[in-house]
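Enquirer: So that we are looking at the same thing, I have put the structure below in structure tokens.
Numbering (our numbering), first residue to last: 3 to 363.
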């Protein structure tokens with residue numbers, strides 16, 4: 003269909019395969035348009051009962067939006083193409099969220115940012131044993147977007163897991179400010195993933211060959227079954243550190259959270275290692291983003307997806323017009339020295355009211 007996307011109908015399944023492996027399937031405008039055209043074409047096609055989105059590579063489902071060129075133009079003062087890129091991307095996110103047919107995403111390898119946007123709002127998210135998933139935007143001086151401020155505040159954990167997880171609002175702020183890397187167990191325990199497939203490529207093939215219902219029965223497992231059986235790999239760090247996350251990231255503002263994080267201690271060595279990793283993550287993040295993310299995440303607890311997307315666009319557009327954004331892109335994606343120079347360097351110099359006032363209800 004395009005250079006980086008192929009589409010085919012197998013059986014009664016419309017299959018979209020992302021094929022930009024050198025960029026870990028990072029979404030460019032061509033790919034966003036291609037996905038939109040495919041799902042629109044299948045909407046009224048009675049021969050297509052469900053849509054499957056998968057990757058041609060085991061290394062990554064999708065590592066997010068291709069923001070390097072956006073940052074270059076923003077740095078030069080040309081913001082229109084970036085505004086258009088995010089408008090189209092968020093429009094696709096909403097389209098997928100309201101699509102009347104099942105949308106099945108097969109997660110393997112890296113799942114970040116825009117990768118969640120084309121999958122997390124669909125009906126089925128099937129995860130394999132080797133996944134690294136995150137919303138890492140704070141490190142590039144941006145904000146979690148693609149509707150994830152809403153999605154992370156409206157998780158649907160499997161039965162018996164809600165009480166084991168951090169408090170929902172605190173978990174959303176934690177994931178958004180730290181860019182915490184979730185494994186397969188984390189995704190299943192939170193409900194971000196709806197099923198586990200020991201062989202995700204085989205599962206994707208099975209959907210086309212057998213249909214969705216049979217593939218789910220024969221080639222996938224329910225979250226509770228997979229978690230109890232230990233087939234998912236590393237245990238969930240979110241479950242293991244639920245109390246610490248709730249206590250630290252339940253604050254009203256970033257400054258409250260930062261103060262709690264500085265004072266926190268854990269009852270064991272594993273907990274102290276967790277705190278060390280969390281502190282290191284926020285130290286690398288843009289202080290302005292940390293303040294803005296806390297405000298938008300707390301606000302998104304009470305808004306629908308459409309409102310969340312509008313708020314993400316407003317906050318994101320403001321952050322993109324700040325010199326910190328190209329600096330974050332430089333440090334993380336271009337030079338990769340992981341040593342950004344953000345201004346201000348102290349979150350105490352950032353007024354949360356500025357970001358709070360951008361948000362609509």
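Virtual Cβ for every residue (Gly too), placed ideally from N, Cα, C.
Assign residue 80 to buried or exposed, taking buried as 16 or more other Cβ atoms, counted over all protein chains shown, within 10 Å of its Cβ.
Expert: Position 78 of the chain shown, counted from the start, is the residue given in the question as residue 80. Exposed is the call here.
Enquirer: Give me, in chain order, the residues of the same chain whose beta-carbon lies closer than 7 Å to that of residue 412; leave out the 5 immediate sequence neighbours on both sides.
Expert: In the structure displayed, the chain extends from 3 to 363; residue 412 sits before or after that span and is not available.
Enquirer: Going by C-alpha to C-alpha distance, which of 26, 257, 37 and 13 sits closest to residue 7?
Expert: On the chain shown, position 5 is the one that residue 7 refers to. Per the Cα distances, 37.
Enquirer: Using a Cβ-Cβ cutoff of less than 7 Å, which residues in the same chain neighbour residue 85 once the five nearest sequence positions on both sides are dropped?
Expert: For the purposes of this step, residue 85 is taken as the residue at position 83 of the chain shown. Taken in chain order, the residues that qualify are 319.
Enquirer: Compute the distance between the beta-carbons of residue 135 and residue 189, then report whether it is under 9 Å.
Expert: Here the question's residue 135 lines up with position 133 in the chain shown. Here the question's residue 189 lines up with position 187 in the chain shown. Against a cut-off of 9 Å, the Cβ pair of residue 189 and residue 135 comes out as a contact.
Enquirer: Which runs of the alpha helix (DSSP H) spanning at least 4 residues fall entirely within the region 22 to 50, listed in chain order?
Expert: Segments of the alpha helix (DSSP H) lying fully in the region 22 to 50: 31 to 45.
Enquirer: Using the C-alpha atoms, what's the distance from residue 256 back to residue 45?
Expert: Residue mapping note: residue 45 aligns to position 43 of the chain shown, counting from 1. Residue mapping note: residue 256 aligns to position 254 of the chain shown, counting from 1. Using only the alpha carbons, I get a separation of about 43 Å.
Enquirer: DSSP beta-bridge partners for residue 15?
Expert: Taking the first residue of the chain shown as 1, we reach residue 15 at position 13. Answer is 12 and 52, bridged to residue 15.
Enquirer: For a test of the three-state rule: what should DSSP assign to residue 203, helix, strand or coil?
Expert: In the chain shown, the residue the question calls residue 203 occupies position 201. Reduced to three states, the DSSP call for residue 203 is helix.
Enquirer: Use the C-beta contact count for residue 19: other C-beta atoms within 10 angstroms, 16 or more gives buried, fewer gives exposed.
Expert: Translated into the one-based positions of the chain shown, residue 19 becomes position 17. When all chains shown are included, residue 19 counts as buried.
Enquirer: Do you know offhand how far residue 60's Cα is from residue 144's?
Expert: As a first step, residue 60 is located in the chain shown; it is residue number 58 there, counting from the start. As a first step, residue 144 is located in the chain shown; it is residue number 142 there, counting from the start. Approximately 27 Å, taken between the alpha carbons.
Enquirer: Which of the three DSSP states is assigned to residue 134 in this structure?
Expert: Numbered from 1 along the chain shown, position 132 holds the residue referred to as residue 134. In the structure shown, residue 134 sits in a strand (DSSP, three-state: E or B).
Enquirer: Hey, out of 212, 173, 254 and 193, whose CA is closest to residue 226's CA?
Expert: Residue 226 sits at position 224 when you count from the first residue of the chain shown. The shortest Cα separation from residue 226 among 212, 173, 254 and 193 belongs to 193.
Enquirer: Select from 115, 153, 176 and 99 the residue whose C-alpha is nearest the C-alpha of residue 88.
Expert: Locating residue 88 in the chain shown gives position 86, counting from the first residue. Per the Cα distances, 115.
Enquirer: For my contact list, residue 291 and residue 139 are in at a C-beta cut-off of 8 Å; report their separation, rounded to the angstrom.
Expert: Within the chain shown, numbered from 1, the residue matching residue 291 stands at position 289. Within the chain shown, numbered from 1, the residue matching residue 139 stands at position 137. About 7 Å; that satisfies the 8 Å criterion.
Enquirer: Give a yes or no on contact between the region 336 to 344 and the region 172 to 181, applying the rule of three or more CB pairs nearer than 8 Å.
Expert: At 8 Å Cβ cutoff, the stretches do not touch.
Enquirer: My guess is that residue 240 and residue 131 are in contact by the Cβ rule of under 8 Å, so how many angstroms apart are they, rounded?
Expert: Translated into the one-based positions of the chain shown, residue 240 becomes position 238. Translated into the one-based positions of the chain shown, residue 131 becomes position 129. Residue 240 to residue 131, Cβ: 17 Å. No contact.
Enquirer: On the premise that residue 221 lies in contact with residue 205, defined as a C-beta separation below 8 Å, what is that separation, rounded to the nearest angstrom?
Expert: As a working mapping, residue 205 is identified with position 203 in the chain shown. As a working mapping, residue 221 is identified with position 219 in the chain shown. Confirmed, about 5 Å.
Enquirer: Pick helix, strand or coil for residue 344, following the three-state DSSP scheme.
Expert: The residue you call residue 344 lines up with position 342 of the chain shown. Reduced to three states, the DSSP call for residue 344 is coil.
Enquirer: Ignoring anything shorter than 4 residues, give me the alpha helix (DSSP H) runs that lie fully in the region 205 to 255, in order along the chain.
Expert: Fully enclosed alpha helix (DSSP H) runs of 4 or longer: 214 to 221, 225 to 231, 239 to 242 and 244 to 251.
Enquirer: Let me confirm a value: residue 22 is counted as buried when at least 16 other C-beta atoms fall within 10 Å, else exposed. Which label applies?
Expert: For this step, residue 22 is matched to residue 20 along the chain shown. Buried, since its Cβ has 16 or more Cβ neighbours within 10 Å.
Enquirer: In the region 139 to 173, which residue ranges form an unbroken alpha helix (DSSP H) of at least 4 residues, counting only runs that do not cross its ends?
Expert: The qualifying runs are 150 to 153.
Enquirer: Determine the closest residue to residue 289 out of 260, 306 and 301, with distance taken between C-alpha atoms.
Expert: For the purposes of this step, residue 289 is identified with residue 287 of the chain shown, where counting begins at 1. It is 260.
Enquirer: Once DSSP output is grouped into helix, strand and coil, what is the label at residue 67?
Expert: Against the chain shown, residue 67 aligns to sequence position 65. Strand, per DSSP.
Enquirer: Classify residue 146 as buried or exposed, calling it buried when 16 or more other Cβ atoms lie within 10 Å of its own Cβ.
Expert: On the chain shown, residue 146 is found 144 positions in, with the first residue counted as 1. The residue in question, residue 146, is buried, as its Cβ has 16 or more Cβ neighbours within 10 Å.
Enquirer: Start and end of the beta strand (DSSP E) containing residue 109?
Expert: Numbered from its first residue, the chain shown carries residue 109 at position 107. Its beta strand (DSSP E) spans residues 105 to 114.
Enquirer: Among the candidates 82, 83, 120 and 110, whose CA atom is the shortest distance from the CA of residue 100?
Expert: For the purposes of this step, residue 100 is taken as the residue at position 98 of the chain shown. Checked all of 82, 83, 120 and 110; the closest Cα to residue 100 is 120.
Enquirer: Is the separation between the beta-carbon of residue 307 and that of residue 127 shorter than 9 Å?
Expert: The sequence position of residue 307 within the chain shown is 305, counting from 1. The sequence position of residue 127 within the chain shown is 125, counting from 1. Going by C-beta atoms, residue 307 is not nearer than 9 Å to residue 127.
Enquirer: Hey, residue 63 and residue 117 are a contact pair by Cβ (cut 8 Å); roughly how many whole angstroms apart?
Expert: Translated into positions along the chain shown, residue 63 becomes position 61. Translated into positions along the chain shown, residue 117 becomes position 115. That pair is a contact at about 5 Å.
Enquirer: Hey, quick one: how far does the alpha helix (DSSP H) through residue 100 stretch, first residue to last?
Expert: Numbered from its first residue, the chain shown carries residue 100 at position 98. From DSSP, residue 100 is part of no alpha helix (DSSP H); its letter is neither H nor E.
Enquirer: Among the candidates 30, 91 and 347, whose CA atom is the shortest distance from the CA of residue 314?
Expert: For the purposes of this step, residue 314 is taken as residue 312 along the chain shown, with counting starting at 1. Of the listed residues, the one whose Cα sits closest to residue 314 is 91.
Enquirer: How would you call residue 129, buried or exposed, if buried means at least 16 neighbouring beta carbons within 10 angstroms?
Expert: Stepping through the chain shown from its first residue, residue 129 is reached at position 127. Looking at its Cβ environment, which holds 16 or more other Cβ atoms inside 10 Å, residue 129 is buried.
Enquirer: For residue 127, which beta-bridge partners are listed by DSSP?
Expert: Stepping through the chain shown from its first residue, residue 127 is reached at position 125. Bridge partners of residue 127: 107.
Enquirer: Between which residues of its own chain and residue 301 is the CB-CB distance below 6 Å, once the five residues before and five after are set aside?
Expert: Working through the chain shown from its first residue, we reach residue 301 at position 299. For residue 301, where only same-chain residues beyond five positions count, the Cβ hits under 6 Å are 361.
Enquirer: As a quick exercise: from 5, 48 and 47, pick the residue whose alpha carbon is nearest that of residue 32.
Expert: Mapped onto the chain shown, residue 32 falls at position 30. Checking every option, the nearest Cα to that of residue 32 belongs to 5.
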